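For the sequence shown, the numbering used here gives the first residue as 4, with consecutive numbering after it. One structure is given here, and the rest of the page talks about it.
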Amino acid sequence: MNRSHTIHYPKQLSVFVLLGVLLLVACTPVGPGAAPQTTATAATPDAQSNDNGAVLLPTVTQEPGSPGQAPDQATFQLRTVVDGLASPLFVTHAGDGSGRLFIVEKGGVIRIYVDGALLPEPFLDITDRVNSVANERGLLGVAFPPNYTESGYFFVNYTDSAGDTAISRFQVNAANPNQADPASEFLVLSMAQPAPNHNGGMLLFGPDGYLWIGTGDGGAAMDRFGNGQNPQTLLGKMLRLDVTSDPTQPYLIPPDNPWVAETWNGAEVEDEIWAVGLRNPWRYSFDRQTGDLWIADVGQNRFEEVNLVPAGSSGGLNFGWPIMEGMHCVSEPCDQEGLHLPLVEYVNGAGNCSVTGGYVYRGVRFPHLHGVYFFGDYCSGVVWATWQDSQGQWNTVQVLENAGAVSSFGEDEAGELYLTDLRNGTMTELVSEP
Numbered sequence: 004m005n006r007s008h009t010i011h012y013p014k015q016l017s018v019f020v021l022l023g024v025l026l027l028v029a030c031t032p033v034g035p036g037a038a039p040q041t042t043a044t045a046a047t048p049d050a051q052s053n054d055n056g057a058v059l060l061p062t063v064t065q066e067p068g069s070p071g072q073a074p075d076q077a078t079f080q081l082r083t084v085v086d087g088l089a090s091p092l093f094v095t096h097a098g099d100g101s102g103r104l105f106i107v108e109k110g111g112v113i114r115i116y117v118d119g120a121l122l123p124e125p126f127l128d129i130t131d132r133v134n135s136v137a138n139e140r141g142l143l144g145v146a147f148p149p150n151y152t153e154s155g156y157f158f159v160n161y162t163d164s165a166g167d168t169a170i171s172r173f174q175v176n177a178a179n180p181n182q183a184d185p186a187s188e189f190l191v192l193s194m195a196q197p198a199p200n201h202n203g204g205m206l207l208f209g210p211d212g213y214l215w216i217g218t219g220d221g222g223a224a225m226d227r228f229g230n231g232q233n234p235q236t237l238l239g240k241m242l243r244l245d246v247t248s249d250p251t252q253p254y255l256i257p258p259d260n261p262w263v264a265e266t267w268n269g270a271e272v273e274d275e276i277w278a279v280g281l282r283n284p285w286r287y288s289f290d291r292q293t294g295d296l297w298i299a300d301v302g303q304n305r306f307e308e309v310n311l312v313p314a315g316s317s318g319g320l321n322f323g324w325p326i327m328e329g330m331h332c333v334s335e336p337c338d339q340e341g342l343h344l345p346l347v348e349y350v351n352g353a354g355n356c357s358v359t360g361g362y363v364y365r366g367v368r369f370p371h372l373h374g375v376y377f378f379g380d381y382c383s384g385v386v387w388a389t390w391q392d393s394q395g396q397w398n399t400v401q402v403l404e405n406a407g408a409v410s411s412f413g414e415d416e417a418g419e420l421y422l423t424d425l426r427n428g429t430m431t432e433l434v435s436e437p
């Protein structure tokens, strides 16, 4: 149970097959995919998918709070809030009551949008140390801890000059809350990356106050480096770290992380790991009301998936990659015992190529949609909504098409939803039809 802060892997030179990955240059929208469908309340591994669209295979294992009503596609439109951004791929708030939105640009800049305007000076500019040459490298995420107002610390996920993942802490300028100090960097965690794709990117503070870090499997294709089911690497995992209790330390291990005092199938597990078996969990979120965790995991070339973990889970989960892709065995037959299978899957095809996870809606603009989870596809630009009805059935409908290259969803402090479009350089807001 190693507490090492740096995990190294040998570099390998090879031609990487990039199938169904986020930010795939050749994967341009060719028309919206069909909305996921369901009529069942329990999934079966041999359920059939339609190559022309998507199928929802729900696994109901818990009751999320306040089920939403059926969304109406005619209800929604996207309003452009900001344009002219440089490859935006995430937007979030600081939870400090300021009303500011922080927009992450892939090249290494974080911008602030506040009071209807984009501030001319960046909040943070670390382009001098960010490697953004490859499609899935760059400044990939930012997260503000619950004590941000007091500490002034925040955390970013970026690709360093060596091509490795850096999780770093920065501090805001005490004299100017709209500017951070690039020289204040404090390295929290470094992970060597054997390939330029599947680098993950999301950072998120959970309801428990810990930092949750989703990591990709190391890249190439078909888990070439064998990381998804390897308990002694941090790649292909969900990590959970305490980065606020002692600011003099990079991080502490939460004492209730699942493998701190346990082994997995007789093998030691890195203490940082909360769950295994992920391919590239590009975007994930906690329901701000219930604490449920929604993880969208990008598929290989057959299925995209969304996983639901109920609030209060003690972790130790195995999401199945590379044994499973979605609800399907990668190689038949396969042993699915003990795997945490997805709630939603849809076909990678018909314009769809890479799932982008979103949020459970908890805003004020659409109160009848509380409890509805929104997610999309990067290539097709389709946005779907998933919810559980009063009969316990899970349902999914398409609510938007042509939403652009959906690189991320985001929430403001009020719970309203935003989207970033990597290709067109915009941040849009989900609003009602006039």
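Yeah, the Cβ is synthetic: ideal placement off N, Cα and C, and Gly gets one too. None of these values were measured; they are calculated from a predicted model.
Relative to the alpha-carbon of residue i, which residue among the options has its alpha-carbon at the smallest distance?
i	options	result
Phe126	Ile113, His331 and Asn138	Ile113
Trp297	Gln232, Val363, Asp249 and Asn304	Val363
Val386	Asp392, His331 and Leu422	Leu422
Gln396	Glu432, Leu237 and Val347	Val347
Thr429	Arg282, His96, Glu108 and Ala97	Glu108
Pro199	Ala120, Gly219 and Val358	Gly219
Arg132	Asp392, Ala169 and Glu308	Ala169
Arg305	Phe105, Trp390, Arg365 and Ser357	Ser357
Ala270	Val145, Gln235 and Asp163	Gln235
Asn359	Pro261, Glu188, Asp424 and Ala299	Sequence check: residue 359 is Thr here, not Asn. Of the candidates Pro261, Glu188, Asp424 and Ala299, the one whose C-alpha sits nearest the C-alpha of Thr359 is Ala299.
Pro123	Asn134, Pro313, Ile106 and Thr247	Ile106
Cys382	Asp424, Gly418 and Ala417	Asp424
Glu188	Asn260, Glu416, Leu433 and Tyr156	Tyr156
Cys332	Leu433, Gln303, Tyr161 and Asp259	Gln303
Phe93	Ile115, Pro74, Leu81 and Asp211	Ile115
Tyr213	Ile276, Asp163, Gly231 and Asp184	Ile276
Asp459	Trp267, Asn268 and Asp274	No statement about residue 459 is possible, as the shown extent of the chain runs from 4 to 437 and does not include it.
Asn230	Leu190, Gly280, Pro261 and Gln182	Gly280
Pro91	Gln80, Asn138 and Pro74	Asn138
Leu372	Leu433, Gln182 and Asp163	Leu433
Let's test the definition: count the other Cβ atoms within 10 Å of the Cβ of residue i and tell me whether it reaches 16, buried, or not, exposed.
i	result
Gln252	exposed
Pro437	exposed
Pro250	exposed
Asn176	exposed
Thr431	buried
Gly413	buried
Thr399	buried
Gly144	buried
Val117	exposed
Val136	exposed
Ser171	buried
His201	buried
Asn355	buried
Gln394	exposed
Asn268	exposed
Leu190	exposed
Pro74	buried
Go through its chain and collect everything with a Cβ distance to residue i's Cβ below 6 Å, but skip five positions before and after it.
i	result
Phe228	Pro197 and Gly221
Gly418	Arg365 and Gly366
Glu66	Bear in mind that a pLDDT of 41 at Glu66, under 50, signals an unreliable position, so the number given afterwards is only what the model happens to contain. None.
Gln174	Gly155, Tyr156, Asp184 and Ser187
Thr83	Thr429 and Thr431
With a cut-off of 8 Å on the beta carbons, I'd call residue i and residue j a contact; round off their distance for me.
i	j	result
Met241	Pro325	With a Cβ gap of about 16 Å, Met241 and Pro325 do not count as contacting.
Val1	Pro345	Absent from the model: residue 1. The displayed extent of the chain is 4 to 437, so no value can be given.
Tyr349	Glu307	5 Å
Excluding the 5 residues flanking residue i on each side, which residues of the same chain have their C-beta closer than 8 Å to its C-beta?
i	result
Thr78	Phe369, Val402, Ser435 and Glu436
Glu265	Val272 and Gly319
Glu340	none
Gly379	Val358, Thr359, Gly361, Val385, Val386, Trp387, Leu403, Ala406, Val409, Phe412 and Leu422
Gly203	Leu143, Asn160, Thr168, Ile216, Gly217, Thr218, Gly219, Asn283, Pro284 and Trp285
Leu104	Val94, Thr95, His96, Ile115, Tyr116, Val117, Gly413, Asp415, Tyr421 and Met430
According to the Cβ coordinates, are residue i and residue j closer than 9 Å?
i	j	result
Leu311	Met327	no
Phe322	Ala278	yes
Thr389	Val409	no
Pro284	Gly329	no
Leu192	Leu142	no
Ala178	Asn134	no
Pro180	Thr247	no
Phe208	Ala146	yes
Tyr287	Met205	yes
Pro210	Gly294	yes
Asp338	Ala314	no
Gly102	Asp415	yes
Ile129	Gly111	yes
Report all residues from its chain with a CB closer than 7 Å to the CB of residue i; omit the five preceding and five following residues, and keep chain order.
i	result
Asp86	Gly428 and Thr429
Arg426	Gly407 and Ala408
Pro261	Trp277, Ser317, Gly318 and Gly319
Asp163	Arg132, Asn134 and Ala169
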